[in-house]
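A.B. asks: UniProt numbering puts the first residue of the sequence shown at 1, with every later residue one more than the last.
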Amino acid sequence: MTAPLLRVDGLKVGFRGAAPALDGISFDLRAGETLALVGESGSGKSVTALSILGLLPPAATILGGRILFDDVDLLAGGEAAVAPLRGRAMSMVFQNPRRALDPLRRVGDAIGDVVGVHAGRRLTRADRTARVQALLAAVGIPDPVRRARAFPHELSGGMCQRVMIAIALAGSPRLLIADEPTTGLDVTTQAVILDLIGDLAKARGMATILITHDLAVAAERAHRILVMRRGRVVEQAPTAQLFQAPADPYTRALIRATPGPDSRIGDLVR
1 MTAPLLRVDG LKVGFRGAAP ALDGISFDLR AGETLALVGE SGSGKSVTAL SILGLLPPAA
61 TILGGRILFD DVDLLAGGEA AVAPLRGRAM SMVFQNPRRA LDPLRRVGDA IGDVVGVHAG
121 RRLTRADRTA RVQALLAAVG IPDPVRRARA FPHELSGGMC QRVMIAIALA GSPRLLIADE
181 PTTGLDVTTQ AVILDLIGDL AKARGMATIL ITHDLAVAAE RAHRILVMRR GRVVEQAPTA
241 QLFQAPADPY TRALIRATPG PDSRIGDLVR
């Protein structure tokens, strides 16, 4: 078995005047693997992701544990260790693309900025434009030459999320974190975006952390599932095993609360 690309070991995070947001989180993630973090709001899923990327707000404090990326201890090295990896080796797709994109900048320019930062060399305008158009094409945006000149308000929510995925891929990351990447999108578009992330991860051999409150999404997309509650891991297992033999009462409750394909409205409101 290959060594894990990412190892989170006993991670503890606290906020001033509050109970610990994370209390001993541990998991491994290998290249090409998709791990779903599942749990109710406030369970610590997003705090886990922000901890990995070194993007915690000032009020947060790392209280203990380790985060190893390719055997580099990110917490011991601090910002100096994380900064060269952020956006290049590790990247993130956030929940709300319209909030993340600058409404006054064309999407091609937004992608081009990231391409330039991670190129490792000075790019000509033609090289940068070609790279932007290639990324837009890779995420399934038709007519990338024209779309690169569009502003966010000229694109649908699904298109904006594709732009965010293109930005996340600009540095050719080895780890992609998708934090509720389909929030606010219709069901059909949600499936398309999740398919896109899965296909890109498979084609590029990326490890993926999929953050979701939807256990059904995790069942379809993840190799393994980690169930969180109140800042702790209550259960983690391969996807099939977790559904066939859930060990924790909270996991069993989540599974019972997940509508099946044959569920009727009357069954859900009893």
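Beta carbons are placed, not taken as given, at the ideal position from N, Cα and C, and that holds for glycine.
Should Leu55 go down as buried or exposed, given a rule of 16 or more other Cβ atoms within 10 Å for buried?
C.D. replies: Under this definition Leu55 is an exposed residue.
A.B. asks: Can you tell me whether Arg232 is helix, strand or coil according to DSSP?
C.D. replies: strand
A.B. asks: Please go through the same chain and pick out, in chain order, the residues whose beta-carbon is closer than 7 Å to the beta-carbon of Ala137, but skip the five residues on each side of it.
C.D. replies: Pro144
A.B. asks: Considering Asp143, what are the terminal residues of the beta strand (DSSP E) in which it resides?
C.D. replies: Neither: Asp143 is in no beta strand (DSSP E) and is coded neither H nor E.
A.B. asks: Restricting to runs no shorter than 4 residues, where is the alpha helix (DSSP H) found entirely within the stretch 13-101?
C.D. replies: Complete alpha helix (DSSP H) runs here, min 4: 45-53, 74-77, 79-82, 97-100.
A.B. asks: Going by DSSP, what residues sit across from Pro238 in a beta bridge?
C.D. replies: Arg224
A.B. asks: Is DSSP giving Thr208 helix, strand or coil here?
C.D. replies: strand
A.B. asks: Assign Ala207 to buried or exposed, taking buried as 16 or more other Cβ atoms, counted over all protein chains shown, within 10 Å of its Cβ.
C.D. replies: buried
A.B. asks: With respect to the alpha helix (DSSP H) encompassing Ala3, which residues constitute its N-terminal and C-terminal limits?
C.D. replies: Note, Ala3: premise wrong, no alpha helix (DSSP H); not H, not E.
A.B. asks: Determine, using beta-carbon pairs with one atom in the stretch 5-16 and one in the stretch 59-73, whether at least three such pairs fall under 8 Å.
C.D. replies: yes
A.B. asks: According to DSSP, is Ala253 part of a helix, a strand, or is it coil?
C.D. replies: Reduced to three states, the DSSP call for Ala253 is helix.
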